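Participant: Quick one: this structure, given as structure tokens, is what I'll be asking you about.
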Amino acid sequence: MDKTYASATEAVADIPDGASLAVGGFGLSGVPIVLIRALLAQGTRDLEVVSNNCGVDGWGLGELLAAGRIRRVIASYIGENREFARQYLGGEVEVELTPQGTLAERLRAGGVGIPAFYTATGAGTAVSDGGMPIRYAADGSVALASDPKELRPFDAFGRTREYVLERAIRTDVGLVRAAVGDRHGNLRFEKAARNFNPLAGMAGRFTIAEVDELVEPGVLDPDDIHLPGIYVDRIVVLSPEESADLPIEKVTTRPRRDA
């Protein structure tokens with residue numbers, strides 16, 4: 000039952016080229032950066048990544064992206080990652096854009112064994128009608144577009160409206176970052192890091208977690224466990240230096256009134 004590994008390198012060593020990954024994090028919060036860098040160092044390529052966003056330039060999933068290791072991304076936000084936008088518009092990477100709440104529910108559904116669900120989000124838009132660019136050609140034309148999705152009317156919440164069928168997401172591997180974990184794989188996430196991390200951990204058929212602190216089984220109160228160990232297969236304990244690698248995405252300042 001002891002799921003700890005000596006290093007991130009050992010923990011990701013058997014992730015093959017072409018694997019699909021569900022990766023926790025939102026912006027720069029809760030990103031499993033040490034596991035990502037271990038994948039980068041071992042040369043894993045042709046990855047399909049499911050995450051809220053694809054990191055930023057030079058950090059997080061942006062490091063794998065810049066190295067040309069990612070072939071497809073399912074995300075809700077391209078954001079301010081210039082390299083991500085460049086590769087998408089240049090036809091170097093496929094991108095399936097998904098509404099943020101829908102993406103979260105697709106991951107959760109995959110983790111609990113629900114194959115698909117209906118949601119009002121995106122019904123009657125390009126999300127349901129199809130035609131959203133997934134891959135561009137070198138000349139800027141659309142080489143691959145999204146297919147239409149099934150729509151169905153439901154009488155719910157006091158009115159009848161159309162709902163779009165969304166399919167669950169299940170990936171080969173889940174990569175997550177937690178504040179505390181025990182040797183059985185039970186995890187607790189810290190504040191905003193409890194974003195897509197539990198969902199990514201649930202969606203992976205095989206999940207690896209990096210944790211800031213390791214405790215013995217029984218130390219975590221059951222009410223403090225955000226992701227049960229049944230979903231987690233390997234635990235990597237970070238060094239203080241690795242835990243402290245938490246950059247700020249944007250720094251803004253304003254004049255003080257008394258200046």
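Under numbering that gives the first Met the number 0, think of the first position of the sequence shown as 0, with each following residue one higher. Virtual Cβ for every residue (Gly too), placed ideally from N, Cα, C. Just so we're clear, the structure is a prediction, and the values are computed from it rather than from any experiment.
1. Would you tell me roughly how many angstroms separate the C-alpha atoms of Glu149 and Ser127, rounded to the nearest one?
2. Please work out which residues of its chain come closer than 7 Å, Cβ to Cβ, to Glu241, disregarding the five sequence neighbours upstream and downstream, and give them in chain order.
3. Buried or exposed: Gln86, going by 16 or more other Cβ atoms within 10 Å of its Cβ?
4. Please classify Ser140: does DSSP put it in a helix, a strand, or coil?
5. Can you name, in chain order, every residue of its own chain whose Cβ lies under 7 Å from the Cβ of Val214, other than the five neighbours on each side?
6. Using 10 angstroms around the beta-carbon of Ala208, count the other beta-carbons present and answer buried if the total reaches 16, otherwise exposed.
7. In angstroms, rounded to a whole number, what distance separates the CA positions of Ala5 and Val236?
8. Rounded to the nearest angstrom, what separates Thr120 and Arg256 at their Cα positions?
9. Output the boundary residues of the alpha helix (DSSP H) element that contains Asp128.
10. Just verifying my parser: in three-state terms, what is the DSSP assignment at Tyr87?
11. Rounded to whole angstroms, what is the Cα-Cα separation between Ile113 and Arg105?
12. Would you kindly work out how many angstroms separate the C-alpha atoms of Ile234 and Leu38, rounded to a whole number?
13. Could you tell me the distance, in whole angstroms, from the CA atom of Thr3 to the CA atom of Met201?
14. Is Pro221 helix, strand or coil by DSSP?
15. If we call anything under 8 Å between Cβ atoms a contact, is Ala191 one with Ser75?
16. Please confirm if the region 226-233 is in contact with the region 242-256, defined as three or more CB-CB distances below 8 Å between the two stretches.
17. Using only the alpha-carbon positions, how far apart do Asn52 and Phe25 sit?
18. Distance check for Ile247 and Leu46, CA to CA, integer angstroms please.
19. For Glu165, which beta-bridge partners are listed by DSSP?
20. State yes or no: is the C-beta of Ala103 within less than 8 Å of the C-beta of Phe195?
21. Under 8 Å by Cβ, that's how I've got Gly173 and Ala21 pegged, so tell me the actual separation to the nearest angstrom.
Facilitator: According to the structure shown:
1. Position 150 of the sequence shown, counting from 1, holds the residue named residue 149. Position 128 of the sequence shown, counting from 1, holds the residue named residue 127. Roughly 7 Å separates the two Cα atoms.
2. In the sequence shown, the residue the question calls residue 241 occupies position 242. Residues of the same chain with a CB within less than 7 Å of the CB of Glu241, apart from the 5 flanking positions on each side, are Val33 in chain order.
3. For the purposes of this step, residue 86 is taken as the residue at position 87 of the sequence shown. By the 10 Å Cβ count, Gln86 comes out buried.
4. As a working mapping, residue 140 is identified with position 141 in the sequence shown. In the structure shown, Ser140 sits in coil (DSSP, three-state: anything other than H, G, I, E or B).
5. Along the sequence shown, read from residue 1 onward, the residue named residue 214 stands at position 215. Contacts found: Val179, Asp181.
6. Within the sequence shown, the letter at position 209 stands for residue 208. With at least 16 other beta carbons inside 10 angstroms of its own, Ala208 counts as buried.
7. If you number the sequence shown from 1, residue 5 lands on position 6. If you number the sequence shown from 1, residue 236 lands on position 237. Their Cα atoms are separated by approximately 8 Å.
8. Walking along the sequence shown from the start, residue 120 turns up at place 121. Walking along the sequence shown from the start, residue 256 turns up at place 257. Looking at the backbone, the Cα of Thr120 and that of Arg256 are separated by about 44 Å.
9. Within the sequence shown, numbered from 1, the residue matching residue 128 stands at position 129. Taken as a continuous stretch (DSSP letters only), the alpha helix (DSSP H) holding Asp128 covers 125-128.
10. The residue given as residue 87 occupies position 88 in the sequence shown. Of the three classes helix, strand and coil, the one that applies to Tyr87 here is helix, per DSSP.
11. The residue labelled residue 113 in the question sits at position 114 within the sequence shown. The residue labelled residue 105 in the question sits at position 106 within the sequence shown. About 9 Å.
12. On the sequence shown, position 235 is the one that residue 234 refers to. On the sequence shown, position 39 is the one that residue 38 refers to. Their Cα atoms are separated by approximately 15 Å.
13. For the purposes of this step, residue 3 is taken as the residue at position 4 of the sequence shown. For the purposes of this step, residue 201 is taken as the residue at position 202 of the sequence shown. Distance between the alpha carbons of Thr3 and Met201 is about 18 Å.
14. Within the sequence shown, residue 221 is the residue found at index 222, counting from 1. Pro221 falls in the helix class under three-state DSSP.
15. Indexing the sequence shown from 1 puts residue 191 at position 192. Indexing the sequence shown from 1 puts residue 75 at position 76. The answer is no: Cβ separation not under 8 Å.
16. Because the criterion of three Cβ pairs below 8 Å is not met, the region 226-233 and the region 242-256 do not touch.
17. What you label residue 52 is simply residue 53 of the sequence shown in a count that begins at 1. What you label residue 25 is simply residue 26 of the sequence shown in a count that begins at 1. Each residue's alpha carbon lies about 7 Å from the other.
18. Within the sequence shown, numbered from 1, the residue matching residue 46 stands at position 47. Within the sequence shown, numbered from 1, the residue matching residue 247 stands at position 248. C-alpha separation (whole angstroms): 26 Å.
19. Within the sequence shown, the letter at position 166 stands for residue 165. According to DSSP, which records beta bridges pairwise, Glu165 is partnered with Phe116.
20. Position 104 of the sequence shown, counted from the first residue, corresponds to residue 103. Position 196 of the sequence shown, counted from the first residue, corresponds to residue 195. Yes; because the gap between Cβ atoms is below 8 Å, this pair is in contact.
21. Counted from its first residue, the sequence shown places residue 173 at position 174. Counted from its first residue, the sequence shown places residue 21 at position 22. Correct: roughly 5 Å between the Cβ atoms.
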